[in-house]
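Enquirer: Quick note, the sequences are listed as chains A and B, same order.
If you're matching positions, the first sequence starts at 1 in the working numbering and goes up one per residue.
If you're matching positions, the second sequence starts at 1001 in the working numbering and goes up one per residue.
First the structure, then my questions, so here it is.
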Amino acid sequence: MADKLISKIPEGPLAEKWTKRKSEIHLVSPNNKRKLEIIVVGTGLGGASAAASLGELGYNVKVFCISDSPRRAHSIAAQGGINAAKNYQNDNDSVYRLFYDTIKGGDYRAREANVYRLAEVSAAIIDQCVAQGIPFAREYGGYLANRSFGGVQVSRTFYARGQTGQQLLLGAYAALNRQIAAGTVKSYPRYEMLDLVLINGEAKGIIARNLATGKLERFGAHAVVIATGGYGNTYFLSTNAMNSNGSAALQCYKKGAFFANPCFAQIHPTCIPVHGDQQCKLTLMSESLRNDGRIWVPKKMEDVLKLRKHEIKASQIPEEDRDYYLERRYPAFGNLVPRDVASRAAKERCDAGFGVNETGMAVFLDFGEAIQRLGHQRVAERYGNLFDMYEKITASSPWEEPMMIYPAIHYTMGGIWVDYDLMTTIPGLYALGEANFSDHGGNRLGASALMQGLADGYFVIPITIGDYLSKKFSEPKTDTNAPEFAAAEKEVQARIDKLFSIKGKETVDSIHKQLGHIMWNYVGMARDEAGLKKAIAEIKELKAKFYKNVCVPGTQYEFNQELEKALRLEDFFEIGELMAYDALNRNESCGGHFRIESQTEEGEAKRDDANYMYVAAWEYKGEGVEPELHKEPLKYEFIEVKTRNYKD
Amino acid sequence: MEFNVKIWRQKNAKDKGHFETYHIAGIEEDASFLEMLDILNEQLIREGVDPVAVEKGCKSSGPVSFDHDCREGICGACSLYIDGRAHGPDDHVTTCQLFMRHFKDGATITVEPWRSAAFPVIKDLVVDRGAFDKILQAGGYISVRTGSAQDANNILISHDQAEESMDAAACVGCGACVATCKNGSAMLFVAARVSSLAILPQGRLEAKKRVKAMVAKMDELGFGNCTNTRACEMECPKGISVSHIARLNREFLKAKFSD
Chain A
1 MADKLISKIP
11 EGPLAEKWTK
21 RKSEIHLVSP
31 NNKRKLEIIV
41 VGTGLGGASA
51 AASLGELGYN
61 VKVFCISDSP
71 RRAHSIAAQG
81 GINAAKNYQN
91 DNDSVYRLFY
101 DTIKGGDYRA
111 REANVYRLAE
121 VSAAIIDQCV
131 AQGIPFAREY
141 GGYLANRSFG
151 GVQVSRTFYA
161 RGQTGQQLLL
171 GAYAALNRQI
181 AAGTVKSYPR
191 YEMLDLVLIN
201 GEAKGIIARN
211 LATGKLERFG
221 AHAVVIATGG
231 YGNTYFLSTN
241 AMNSNGSAAL
251 QCYKKGAFFA
261 NPCFAQIHPT
271 CIPVHGDQQC
281 KLTLMSESLR
291 NDGRIWVPKK
301 MEDVLKLRKH
311 EIKASQIPEE
321 DRDYYLERRY
331 PAFGNLVPRD
341 VASRAAKERC
351 DAGFGVNETG
361 MAVFLDFGEA
371 IQRLGHQRVA
381 ERYGNLFDMY
391 EKITASSPWE
401 EPMMIYPAIH
411 YTMGGIWVDY
421 DLMTTIPGLY
431 ALGEANFSDH
441 GGNRLGASAL
451 MQGLADGYFV
461 IPITIGDYLS
471 KKFSEPKTDT
481 NAPEFAAAEK
491 EVQARIDKLF
501 SIKGKETVDS
511 IHKQLGHIMW
521 NYVGMARDEA
531 GLKKAIAEIK
541 ELKAKFYKNV
551 CVPGTQYEFN
561 QELEKALRLE
571 DFFEIGELMA
581 YDALNRNESC
591 GGHFRIESQT
601 EEGEAKRDDA
611 NYMYVAAWEY
621 KGEGVEPELH
631 KEPLKYEFIE
641 VKTRNYKD
Chain B
1001 MEFNVKIWRQ
1011 KNAKDKGHFE
1021 TYHIAGIEED
1031 ASFLEMLDIL
1041 NEQLIREGVD
1051 PVAVEKGCKS
1061 SGPVSFDHDC
1071 REGICGACSL
1081 YIDGRAHGPD
1091 DHVTTCQLFM
1101 RHFKDGATIT
1111 VEPWRSAAFP
1121 VIKDLVVDRG
1131 AFDKILQAGG
1141 YISVRTGSAQ
1151 DANNILISHD
1161 QAEESMDAAA
1171 CVGCGACVAT
1181 CKNGSAMLFV
1191 AARVSSLAIL
1201 PQGRLEAKKR
1211 VKAMVAKMDE
1221 LGFGNCTNTR
1231 ACEMECPKGI
1241 SVSHIARLNR
1251 EFLKAKFSD
């Protein structure tokens, strides 16, 4: 193990590790908390809940977001739900089962200790959210309702219609607002972090651009918390919000934070298919739909061809001519297999020529049987808003014809490497939620992103950050006139000046689209050595083209969205390359990462535990230099490592 | 499809602003309104650097700035007053969920920012809605510390109460209600938050304090009064009912008379 990769996993039995760690962590007294400053970047579930909870504890918090309000963070778009081991359904759920499902769902590439802690605190999240006034769905008796999600056999998902992420984020945002009003948190909306500042190797602040005025500003603190989400938009087309980006994480990486498992990207099976070249964003249809929706393609090629020519409708194809391929291949889990499995199965059918739309890149998600079984009203209560959304976008009603869906990039399991305390390899720098790598291994289960974001923000970081800050309260406030700040600001300014100086002819988006094509073709649902090498070469070429021919109109000192996008695209090039290096190194199929060279005869993913049961943590070695790989071996002491089986 | 798009251009808050009209062709009818604007921006950037276009007198103000993010109708970032309606001609959608098939081929489409004294223009179609954050900071929360909550099922809430609270909580904070209201009132926005919390037992304890603080902040920030025209409800992308304004009024009166 490299020196820097000290995971700080507490010794002892799994169920006692978190308790043990909590008891070891040094406390910071209230009068000392008042002297300490913390920067939180990002206001999604992780960032907002962290900033609110840290402010409540008495720290001085500065919270930054790129949107006009913290409430716009992309957590808001999460639809289906949040998992918690409450066992309210009496279906034999438990902390252990949630832990087990998450480890298994992640294809045995996540840390046992972190995942167990996640499961352990999950119940308290629901308590907290209900107390905040989040209107979760209720049974008629007034008790909380649950539903199922992929990869599990119990009902542990809490939900607020198809807007669970919105409601949870509004809860965290409300908690944040309460602290802003109390003066413990200062909010900086429309600010984008453009660099991390280190002093003597420790994280001490950031350089941020005020997006409304264009001015670069310096902010200092005793610790910096990154909660800026994932890097799915490297692919241009994804279900991420348009402004979601990987830049903050990449800046940390370039300043020395290791980046872990970058190749683990989740491709979500139920998205509305791509309709044309003018599209800039893919829309997710919640996984909860797979509770009652059945996925199929026709058995007969003649039906496929007629569908594509609009000569028949899906509803006219008789039952016996439909191939419910997930139910056929995975009888134990059926339509509720994990996302990576469902996505690959859809790709397999479409590659075999059975795709049901003009592009051949779509399968059906059918509610015909559910509407018959449950009736219109109950289906509407569960999925009404999703049906409306689908109809608005496609002009086709799921009440009459099945939805058409296809996989799309949705979430990135990889992220900044963190130890058990969520601290990165840079002292004083923490990463939460999707921005870190720690809990989902090779594949994230549905309704677990919300759980992790809130677990990290409400219940982990407020405790673990104390261990570091307990040694810092005698340090004065960080001086933003220090030469390290000046140097970082100068570098950012040089980056901006360079972009304006190119004065080329191609737009940022048109180049980003080309990057997206490279990523989707070679670092997408199926990857192989030749393709990945090609991806690295093509990204380098495209990057060179960008620096020769990009056009960034306007000036720095104004609201300038093209400049924002250009700065983010610079970082997406590097992330894309890093993903390809990682995918090339990991010559096994595992979770969302499928190497064509590593599959069974039936075409199922083949993991290689002997050679790859480790976290791949990459260290930045400078511009144009290959990053260096460090390995954190994964040890499974409490769970038996098996081949994932969703068949029986 | 092709369109003439007449767009409000304003450099910054101090600039007076003006309309510019652009022609755009080759738009798919399945393209969203914002995708149409993306394509227009590509065109404007290319024209700005194309010597032939510049020689022909192209004096574009560069790409149009507009707020947007999730493009799924949930983040509330997108705004736009399109042909005289907040979020455009389709009902109950945000602008990002508006599709070009709702427009006639060849039409002239007028696009303006939200017009409200409380939402100053930052640039072009982008406005500052920070006033909404301030209203919520005044009291739009339940004061619960992290970690102090009881078991979730100890608070029983009837199915219908939860649903009604959720109806109000669906507000995305886009500001269409303010932009639509002839008085520039934020009553529907404030009502949505007050009502969603007031319906729930957890929210009752602070109900009086909350409603007074939020209404006072709303007044202070320069939003207008409600005169019951119900325009806000018609244009709300989430269909939030004015019945929540009625509840806000009841809550406010109760709080006032108990002083």
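A virtual CB, placed ideally from N, CA and C, is assigned to each residue, including glycine.
1) How about D419/A and S23/A: are their beta carbons less than 8 Å apart?
2) Give me, in chain order, the residues of the same chain whose beta-carbon lies closer than 6 Å to that of M1218/B; leave out the 5 immediate sequence neighbours on both sides.
3) Please list the segments of the beta strand (DSSP E) lying wholly inside the region 363–410 of chain A, counting only runs of 3 or more residues, in order along the chain.
4) Leaving out five residues before and five after M1/A in sequence, what residues of the same chain have Cβ atoms less than 6 Å from its Cβ?
5) Under the three-state reduction of DSSP, which class applies to A451/A: helix, strand or coil?
6) Would you list the residues sitting across from H310/A in a DSSP beta bridge?
7) If I follow the unbroken alpha helix (DSSP H) through K17/A, where does it start and stop?
8) Whole angstroms are fine: how far does the CA of F149/A sit from the CA of G384/A?
9) Which residue or residues does DSSP assign as beta-bridge partners of V1111/B?
10) Quick check: the Cα distance between D528/A and Y581/A, rounded to an integer number of angstroms?
11) Short of 7 Å Cβ to Cβ, which residues in the region 58–74 of chain A face chain B?
12) Is the region 585–605 of chain A close to the region 448–467 of chain A, with three or more CB pairs under 8 Å?
13) Name the DSSP beta bridge partners of F259/A, please?
14) By a C-beta neighbour count over all protein chains shown, 10 Å radius and 16 as the cutoff for buried, is L386/A buried or exposed?
15) Tell me, please, whether the CB atom of G1017/B is closer than 8 Å to any CB atom in chain A?
16) Cutting at 6 Å between CB atoms, please list the residues of its own chain near P994/B, excluding the five before and the five after it.
17) Kindly indicate which three-state DSSP category K647/A falls into: helix, strand or coil?
18) Whole angstroms is fine: what's the gap from S470/A's alpha carbon to I206/A's?
19) For a cutoff of 8 Å on Cβ pairs, would you count F500/A as touching chain B?
20) Taking contact to mean 3 or more Cβ pairs, one atom from each stretch, closer than 8 Å, check whether the region 1140–1148 of chain B and the region 1072–1084 of chain B are in contact.
21) Between Y191/A, Y140/A, K534/A, G133/A, which lies nearest to M1166/B when the distance is taken from Cα to Cα?
22) Counting only the same chain and skipping the five closest in sequence on each side, list residues whose C-beta sits under 7 Å from that of P407/A.
23) How should Q179/A be labelled, buried or exposed, when 16 other C-beta atoms within 10 angstroms of its C-beta is the threshold for buried?
24) Would you check if the region 92–110 of chain A and the region 221–233 of chain A touch, i.e. whether three or more CB-CB distances between them fall below 8 Å?
25) Using the rule of at least 16 other Cβ atoms within 10 Å of the residue's Cβ for burial, across every protein chain shown, is K281/A buried or exposed?
26) Using a C-beta to C-beta distance shorter than 9 Å, which residues of chain B count as neighbours of P462/A?
27) Taking F64/A as the reference, give the member of K642/A, I596/A, I39/A, D609/A with the closest Cα.
28) Going straight from the alpha carbon of K565/A to that of E640/A, what length do you get?
29) Check distances from the C-beta atoms of the region 557–570 of chain A to those of chain E and list, in chain order, the residues that come in under 7 Å.
30) Are the C-beta of A1086/B and some C-beta of chain A separated by less than 8 Å?
31) Only counting the same chain, and skipping five residues up and downstream in sequence, which positions put a Cβ closer than 7 Å to that of L629/A?
32) Given a cut-off of 8 Å on the beta-carbon distance, is the pair L1034/B and C1096/B in contact?
33) Assuming contact is defined by CB atoms lying nearer than 8 Å, are V297/A and F367/A in contact in what I supplied?
34) With DSSP as the reference, identify every bridge partner of P633/A, one or two as the case may be.
35) Are E139/A and A145/A close, meaning C-beta to C-beta below 8 Å?
36) Using the beta-carbon of each residue, which ones in chain B are nearer than 8 Å to Y88/A?
Expert: According to the structure data:
1) no
2) I1135, A1186, V1190
3) 363–366
4) Its pLDDT being 42, under 50, M1/A is placed unreliably in this model, and the value from its coordinates should be taken loosely. Once the five neighbours on either side are set aside, M1/A has no close Cβ partner at all.
5) Note that residue 451/A corresponds to Met in the displayed sequence, not to Ala. M451/A falls in the helix class under three-state DSSP.
6) Looking at the DSSP assignment, H310/A forms no beta bridge with any residue, so it has no partner.
7) 17–24
8) 18 Å
9) I1007/B, I1082/B
10) 12 Å
11) S67, D68, S69, R71, R72, H74
12) no
13) I416/A, W618/A
14) buried
15) no
16) It is not possible to answer for residue 994/B, since the shown part of chain B is limited to 1001 through 1259.
17) coil
18) 22 Å
19) no
20) no
21) G133/A
22) I267, H268, P269, C271, S343, A346, K347, M525
23) buried
24) no
25) buried
26) T1146, G1147
27) I39/A
28) 45 Å
29) Considering every chain present, this structure includes no chain E. Its protein chains are A and B.
30) no
31) N585, A616, W618
32) yes
33) no
34) Y614/A
35) yes
36) N1153
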